[in-house]
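Following: one structure in structure tokens, then a few remarks.
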Amino acid sequence: MELKNIKYRALGVLAFAGMAGLTSCELDAPAVSTLESSTIYANYALSEAAVMGIHQSFGETNSYRGRFLPYYGLNTDAEWQNGISSSKAADGDKAFLACYNALPNNGQMNTENNAYAKFYEGIERANLAIEGLREHGDITSRPEMAQLLGEALTLRAFVYLDLVKAWGDVPARFEPNSAETVYLPRTDRDVIYKQLLADLEEAANYCYWPNEDAITSTTERVSKAFVKGLRARIALYAGGYSQRNGQMAKSTDPDLSSDKMYAIAKAECLDIIKSGTLTLGEFETNFKNLCMDITTAGKESIFEVPFSDGRGRVLYTFGVKHQEKDQHTGQAQGGVNGPIPTLFYDYDVEDVRRNITCVPYEWSKETQSKQQLRKLSNWCFGKLRYEWMTRRVTSTNDDGVNWQAMRYADIYMMAAEAINEIDGPAAAAPYLKPILDRSYPAAKASSILATASASKEAFFNTIVDERRFEFAGEMLRKADLIRWNMLKTKLDETKANMSSLIKREGKYADLPEKLYFKTAVTSEDAIPEGAVIFDKMTANETLIIYGLNHGNTDEMGKELGLDESATWIRGEYTDERGKEQESKLSDILIENLYIQDPNSHSLWPIWQTFIDKSNGMLNNDNL
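Counting with the working numbering, you get residues 2 to 624 for the letters of the sequence shown.
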């Protein structure tokens, strides 16, 4: 059964089940059900439709689709928001969401149907399904109903984790809405974390491993691997730092101590690895499969938020920019968010992830378009590309590509981090090794692992670096930096590095000022030594670029005989006509990587519309 279709068929059941209702501070009150819960949750097809309806809340306009995914996770030392002019960097609702200056009346978020409300809508649907399946699903004798209960528990935990990441302490709703619970205050996130950890421990008893059953033959359904992987992720967040009362601090709850949480993460990740139900594969293949809508379980992808062909803005937001409806797409979108300009230059030149993750071009405004350079400040993420798709996108805003919420590489890296903390680097090294082996030539991978294994601190620092290189553009970095209490430190380093880059100083001193490039005439054009391409060579499309690698020089670039050159790295300067020009990577953009102190402004406030309708129960005090 294809989830991209079933979740929309589920809406008819939702209407009967009264699943649209939440609290008066979040959504309207529940509708009166015309189908009894006992009827719905004793029937597998109706129960499955109800559980799949939880996904529908993810795909609505202002939920994950158009608000949470495009904005949460920015800005870091890996990702930032593209397309913000210097004049708008310090003034604009979109910029404020990314640069640690969000206010309760933010124009992008302060609406009744925004992500905060839609997350609670999904939670209410999960609560109803959990209650109904426990009471009427006969889960002890019907494993298919137990699987549905496990999915509902897991999807609720998935949404709650994002609520806590974005808003900190939030109302805890683990039972269907009632008159007595219409208005609730914020709940200490530690209470929520402990409930989620318990729920997922239970869910693991119900869910099948990938491909153990037809239900888990697709990455659009919850498998035991995702249950355990999500429990590991939550444990790492619960045991790490977060913004509490205006500063970064760990929980004081002994049940959530770092050592206990690392132990949970270690156990869950090892269970997944030992199950043998997943394969790592090649780095590029994972993302091509995502673009091609290949949702077969057992590969690197563990769980994807499913979007139908006419929903979801994944490529719109994170794909390579297309200026026109061209030979690859009927949608002129992409490039909303991109990599920090220094990220590409911080990769090792032989790291296979570099040219897949970071793309310095967009597609030209032509029906038969070709790659053309973007500004240094406006790189594109390259993990998602219209040109890798096997269907043509025709919607104006939506592309239907799934959001990959978890992949197998994260399991290895969480395992390596947890085992290093508990048992030391020698025991952890075998779990980092597969990531290094597929990223670097053998000798270099061995060298990095040997350096990392020198001490627990060295291994941790390697984890910090490799998670940046591995997951850039997947919106995991911000939460990682927060739980390590490294957010402001890394943002300050990034500001300094970008300033060094535009001046070509320090570790960027060996970069040329210009790029030298041409468009390939044939699919077999020669690539000059030191030049770079970012996909397969295609005639009249592919850019061949010299000047992006450390050690490239303007002198050599001039000698290569490439067709064009362009000033790429430069601060304020006077052009050939004597006119003062602003750097393509301006001081204003650099300084506005954050506006307020990230350690005290990493959380979004609850939006004013929900505070106003909370009967005085909600506020933004003590964030």
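Even glycine gets a Cβ: it sits at the ideal position worked out from N, Cα and C. Bear in mind that the values here come from a model prediction, so they are computed numbers and not experimental data.
So if DSSP puts residue i in a beta bridge, which residue, or which two residues, is it bridged to?
i    : result
M407 : F304
T520 : L544
K515 : T568
L477 : Answer by DSSP bridge pairing: none, since L477 is not bridged.
Between the alpha carbons of residue i and residue j, how many angstroms are there, rounded?
i    : j    : result
K289 : L385 : 8 Å
S365 : F319 : 18 Å
A16  : L185 : Confidence at A16 is low in this model, with a pLDDT of 37, below 50, so its placement is unreliable and no value can be given for it.
T280 : G383 : 22 Å
L291 : E181 : 44 Å
E467 : D352 : 11 Å
V171 : W485 : 22 Å
Y65  : F59  : 5 Å
F120 : N541 : 45 Å
F97  : W210 : 41 Å
V52  : A153 : 6 Å
K261 : I436 : 26 Å
I589 : W380 : 17 Å
D256 : G558 : 59 Å
L164 : I545 : 43 Å
L28  : N115 : The pLDDT assigned to L28 is 39, lower than 50, so where the model puts this residue is not dependable; a value taken from the coordinates is nonetheless given after this. Their backbone Cα atoms lie some 10 Å apart in a straight line.
A130 : A473 : 35 Å
G331 : M390 : 12 Å
The beta strand (DSSP E) spanning residue i covers which residue range?
i    : result
G123 : No beta strand (DSSP E) contains G123, which is instead part of the alpha helix (DSSP H) from A116 to H137.
M249 : Q248 to A250
G230 : It is not in any beta strand (DSSP E) - G230 instead sits in the alpha helix (DSSP H) that spans K225 to G240.
P342 : No beta strand (DSSP E) contains P342, which is instead part of the alpha helix (DSSP H) from P342 to D347.
R386 : Neither: R386 is in no beta strand (DSSP E) and is coded neither H nor E.
S566 : E565 to T568
L624 : Unbroken run through L624: none, as it is neither H nor E.
Within its chain, find whatever has a CB closer than 8 Å to the CB of residue i; leave out the 5 residues flanking it on each side and keep chain order.
i    : result
I274 : I412, Y413, A416 and Y432
E136 : S38, S39 and Y42
E577 : Unreliable placement is indicated for E577, whose pLDDT of 48 sits below 50; the coordinate value is still reported in the next sentence. For E577, where only same-chain residues beyond five positions count, there are no Cβ hits under 8 Å.
K8   : Note on K8: pLDDT 41, under 50, position unreliable in the model; the coordinate value appears next. The answer, listed in chain order, is M53, G54, H56, Q57, G60, P307 and S309.
V321 : G335, G336, V360, Y362, E363, W364, C381, F382, G383, L385, R386, Y387 and E388
Provide the residue span of the alpha helix (DSSP H) that contains residue i, from first to last.
i    : result
S58  : Y45 to G60
W1   : Outside the shown range of the chain (2 to 624) lies residue 1, about which nothing can therefore be said.
S587 : Careful: S587 lies outside any alpha helix (DSSP H) and carries neither H nor E.
S276 : S259 to S276
R314 : Run containing R314: none; DSSP gives neither H nor E here.
R190 : R190 to A204
Y362 : From DSSP, Y362 is part of no alpha helix (DSSP H) but of the beta strand (DSSP E) over Y362 to W364.
E80  : Premise fails: E80 lies in the beta strand (DSSP E), E80 to Q82, not in any alpha helix (DSSP H).
R245 : It is not in any alpha helix (DSSP H) - R245 instead sits in the beta strand (DSSP E) that spans S243 to R245.
Q372 : No alpha helix (DSSP H) holds Q372; the beta strand (DSSP E) holding it covers Q372 to L374.
S39  : S38 to I41
F461 : K457 to F472
D493 : L488 to K504
L377 : Where L377 is concerned, there is no enclosing alpha helix (DSSP H), given that its DSSP letter is neither H nor E.
K559 : D555 to E560
I612 : Q609 to D613
If I measure Cβ to Cβ from residue i and keep anything under 6 Å in the same chain, skipping five residues before and after, which residues do I get?
i    : result
M476 : G74
R157 : I124 and A127
S501 : G507 and Y509
K251 : Y242
G617 : none
E388 : H329
K585 : K376, L377 and S378
Quick one: what's got a C-beta closer than 7 Å to residue i's C-beta in the same chain, skipping five residues either side?
i    : result
K267 : A416, A419, I420 and I423
D272 : K229
C100 : N76, N593, L594, Y595 and I596
L12  : Because the pLDDT at L12 is just 41, under 50, the model does not fix this residue reliably, and the value given afterwards should be weighed accordingly. G54 and Q57.
Taking CB distances under 9 Å as the criterion, tell me whether residue i reaches chain C.
i   : result
N63 : Looking at the structure shown, chain C is missing, and only one protein chain is on hand.
Can at least three beta-carbon pairs, one atom from the region 509 to 519 and one from the region 535 to 555, be found at a separation below 8 Å? At 8 Å Cβ cutoff, the stretches touch.
Would you be able to state if there are at least three C-beta pairs under 8 Å between the region 388 to 404 and the region 303 to 315? Yes: the two stretches touch, three or more of their Cβ pairs being nearer than 8 Å.
So does the region 338 to 346 actually touch the region 68 to 85, counting three or more Cβ pairs closer than 8 Å? At 8 Å Cβ cutoff, the stretches touch.
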